Structures are given as structure tokens and as C-alpha cells.
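One structure is given below, encoded as C-alpha cells.
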Amino acid sequence: MTHRSTTITRIFTKSGLVGEAYAGDEDAGLLEIDAIIHDELAPRILGQDASAIEKIWELCRPATWDILRDRRLGLVATASIDVTLWDLLGKAYNAPLWKLWGGYRSKVPVITIGGYYGSDMSIEEEVEYLLNEQFAGMKFKIGGLEPEEDAKRFKRARKVGGDNFRIAVDANQGYTVPQAIKFSHLVADDNLLWFEEPCIWQNDKKAMRDVRYVGNVAVTAGQTEFSAAGCRDLMETGSIDFCNFDSSWSGGPTEWRRAAAIATVYDVKMAHHEEPQVASHLLASIPHGTYLEFFHPKRDPIWHNMIANRPELKGGYMQLSDAPGLGWELNRDYINRYRIAERVTEAK
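The sequence shown begins at 48 in my numbering and counts up by one.
In C-alpha cells:
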């Protein structure tokens, strides 16, 4: 990966409070998202009560209705508004979002994403590095080789990490059902945390259910769903144990929290696809929240460089602060260095 991008949104109020957040990682659609925010959403929401988040979310909904446009662009634009309003609300109440949303815990366990094919580190070197960096575990990439070869790679990571180092695997929809079941059986005694998106996309709900039951393995999915209803379908069909719904790809924390509420009925645990700047608060707020995930510094320089007060990991956990809203202080020098566009829309 040579590029990483995001959209930073600021919302100003008459009282003087300012909400600020970033969301998404859409290289190709970045300027389209910017245009949707300013040309379609801003005219609808300017002048509204900033605390009426559900109302504003509904006002943003038409941005997802154009069937000739990638629906995710409208969802990321909506998420940009939604998460910024939540930051604003937290500041208004002088409370961090993890407390405002439920306050179940003040720290979250953290895993990173690794095990890539063609990495410049060996599997053993990478796991040693992650242990030294205080990660609780990793999400290990598979699905590009035959199950037997991927299982050997996984076992190498497990040998170095030890039993207490949590390792999930992510096939990125790379296996057939028989291949995914085969892999599950090959690592059955190796303390696998979860098997993420094991199967090729078509008929994936049934495929994941089959892998879950026949492979006797915990399955994770949800990041490619656009709505809480899509996550509900995964749960209702018995396809998943963990739901890694992405708030930035689905309209924001408002929609993620709906999915999390549904998950309690099905005894499904919640995760979050990337986006640690908001996922940390969401996962800490609920009893069934699990592992926060973020990339190595080279893979996600935005998280590691743009947040000036990013906490260090200790014993596999990230401690959340009591700063109001999201609580992040953005590095203005870093933003100014890499900014490609800036636009302001004011109320008339």
C-alpha cells in the first residue's frame, strides 16, 4: 500500500463549540465524498439543532439513494457528519464518548493486522516485533495459498507468540467452503481467536454458517455490510460469532450502535473494522465489545502521526482518556503537510 487517505470534518455551532473527527479511507472517492458533504448534506443540516443526531442522520439519508453512484460514498459522507456531531455532543456534556455511549470499560485490548504475504519481515520477526510493541495479538492474513500452506504459516506465528498471544485469521473472502473447513481443522488445536470472512462472496451467509458449524470455529464478518439490517441477517442465519461492522462505511456510530444492540439478542460479540479513532470508544462502551484493531505505522501513518495524544499500549491494552467527545488532538502540522483539499460551507 502506497497511499492512505481520510476526510476530516469540522462542524461549528453558534455557542462556539466545534466538533472535529476523521472517517474513512477512500482514495478514489475522496473528492466525491467531499462534494457530497458540502453540496448535498450541508444544505440539509445547517441551522439544525446539533444535538438532534437521529434527526440529522435521517436528513443525510438521501445521499445513499442514488443507484448510479457507489452507495458507500454517501455512507462515508454521512458517517463524517455523524461522528463529528457525536464529538460535539460529548464536548457539550463534557464527557468522553465511551462514557456517553455506555461506559462499560475504560480500556480496550488491541490487535494489529499482519501476516501479509511478501512482508519485509519473516513471520517470526513480525510476531516478536508485535510482542515488543505490547499488542495483545494480531489478525493474520490467509486465503492466498492452499489451506495446508496457510496453516503452516499460522503455526509459525503461534509458536513464537505463545498461547496468550491472540491470533485471528482473515481470508478476505479467499477460500471455498471446503478449503475454509480444511484450514479450520488443521489449526483446531492452535487457539484460533476467530476466522474472518472465510469464503468467496457469493452465498457467503450460508457458506460462513457451514464453516462455523462443520469447521467448529468462531467466524467474524460484517465489515462489508452497509446497514444494521445486513448485520442482523448475518446473525439471524447463524453465520457469525463476532460482527466487525465498520461505522465509517455504514453511516457512522449511530448505525453501528444499532447493530450492537441487535447483537445482544443473538449473543454475538462486536468488533470493528479498522478506524480506531472511533472504534475505541464504541468497543469500550458496551459489555460485548471485543478487540480494537489498527495497522502498523507504515500501513496507517494517519493514526500513528495525525493524533498527537495517541496513548501507548500497555500489556495489550489502550487506555481511553476522560477528555470530552472523541478526545483526540489532531496534529495540525501533519494535516497541513498532506492536505489535498479544503472547503468551507457556511449557513446562509
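Heads up, the beta-carbon is just placed ideally off N, CA and C, and yes, glycines get one too.
Model, not experiment: these values are computed from the prediction.
For Leu-233, which option in Gln-249, Gly-221, Ser-52, Glu-193 has the closest C-alpha, if you only look at C-alpha atoms?
As a first step, residue 233 is located in the sequence shown; it is residue number 186 there, counting from the start. The option with the nearest alpha carbon to Leu-233 is Glu-193.
Do Glu-67 and Thr-131 count as a contact pair if the criterion is CB distance below 8 Å?
Within the sequence shown, residue 131 is the residue found at index 84, counting from 1. Within the sequence shown, residue 67 is the residue found at index 20, counting from 1. Yes, the pair counts as a contact, with Cβ atoms nearer than the cut-off.
If you follow the beta strand (DSSP E) that Leu-339 is in, where does it begin and where does it stop?
As a position in the sequence shown, residue 339 is number 292, starting the count at 1. It spans 339-341 - the beta strand (DSSP E) in which Leu-339 sits, taken as one unbroken run.
Start and end of the alpha helix (DSSP H) containing Lys-229?
Working through the sequence shown from its first residue, we reach residue 229 at position 182. Segment 224-233, the alpha helix (DSSP H) holding Lys-229.
From the beta carbon of Ala-308, is the nearest beta carbon of chain D less than 8 Å away?
Structure shown: chain D not included; a single protein chain is present.
Three-state secondary structure (DSSP) at Asp-282?
Residue 282 sits at position 235 when you count from the first residue of the sequence shown. It should be pointed out that residue 282 corresponds to Met in this sequence rather than to Asp. Met-282 falls in the helix class under three-state DSSP.
With a Cβ-Cβ cutoff of 8 Å, do Trp-350 and Gln-324 count as a contact?
As a working note, residue 350 is residue 303 in the sequence shown. As a working note, residue 324 is residue 277 in the sequence shown. Their beta carbons are under 8 Å apart, which means Trp-350 touches Gln-324 by this criterion.
With C-beta atoms as the reference, is Val-155 less than 8 Å away from Ala-331?
Within the sequence shown, numbered from 1, the residue matching residue 155 stands at position 108. Within the sequence shown, numbered from 1, the residue matching residue 331 stands at position 284. Yes, Cβ-Cβ distance for Val-155 and Ala-331 is below 8 Å.
How far does the alpha helix (DSSP H) with Thr-125 in it reach, from first residue to last?
As a working mapping, residue 125 is identified with position 78 in the sequence shown. Per DSSP, Thr-125 belongs to the alpha helix (DSSP H) from 118-139.
Could you tell me whether the Cβ atoms of Gly-190 and Asn-219 are closer together than 8 Å?
As a position in the sequence shown, residue 190 is number 143, starting the count at 1. As a position in the sequence shown, residue 219 is number 172, starting the count at 1. Yes, the pair counts as a contact, with Cβ atoms nearer than the cut-off.
Determine which residues share a DSSP beta bridge with Gly-66 and list them.
As a first step, residue 66 must be located in the sequence shown, where it is residue number 19. BP columns for Gly-66 point to Ile-58.
For Arg-203, which beta-bridge partners are listed by DSSP?
Residue numbering aside, residue 203 sits at position 156 when the sequence shown is read from its first letter. None; Arg-203 has no bridge partner.
Looking at the unbroken beta strand (DSSP E) that takes in Val-155, where does it start and where does it end?
Residue numbering aside, residue 155 sits at position 108 when the sequence shown is read from its first letter. Residues 154-161.
When you compare the CB positions of Ala-268 and Val-224, do they come within less than 8 Å of one another, or not?
By 1-based counting over the sequence shown, the position of residue 268 is 221. By 1-based counting over the sequence shown, the position of residue 224 is 177. Going by C-beta atoms, Ala-268 is not nearer than 8 Å to Val-224.
Neighbourhood of His-51 by C-beta distance below 7 Å, restricted to the same chain and skipping five residues each side:
If you number the sequence shown from 1, residue 51 lands on position 4. Per the sequence shown, the amino acid found at residue 51 is Arg instead of His. Answer for Arg-51: Asp-72, Asp-347, Pro-348, Ile-349, listed in chain order.
Any idea what DSSP makes of Tyr-164, helix, strand or coil?
As a working note, residue 164 is residue 117 in the sequence shown. Tyr-164 falls in the coil class under three-state DSSP.
Can you give me the C-alpha to C-alpha distance between Asp-113 and Arg-119, rounded to a whole angstrom?
Taking the sequence shown and counting its residues from 1, the one referred to as residue 113 is at position 66. Taking the sequence shown and counting its residues from 1, the one referred to as residue 119 is at position 72. Cα to Cα, the separation comes out at about 11 Å.
Beta-carbon contacts of Gly-290 that lie in its chain and below 6 Å, excluding the five residues immediately before and after:
Within the sequence shown, numbered from 1, the residue matching residue 290 stands at position 243. The sequence shown places Cys at residue 290, rather than the Gly named in the question. Contacts found: Gly-269, Cys-278, Ala-310, Val-315, Met-317.
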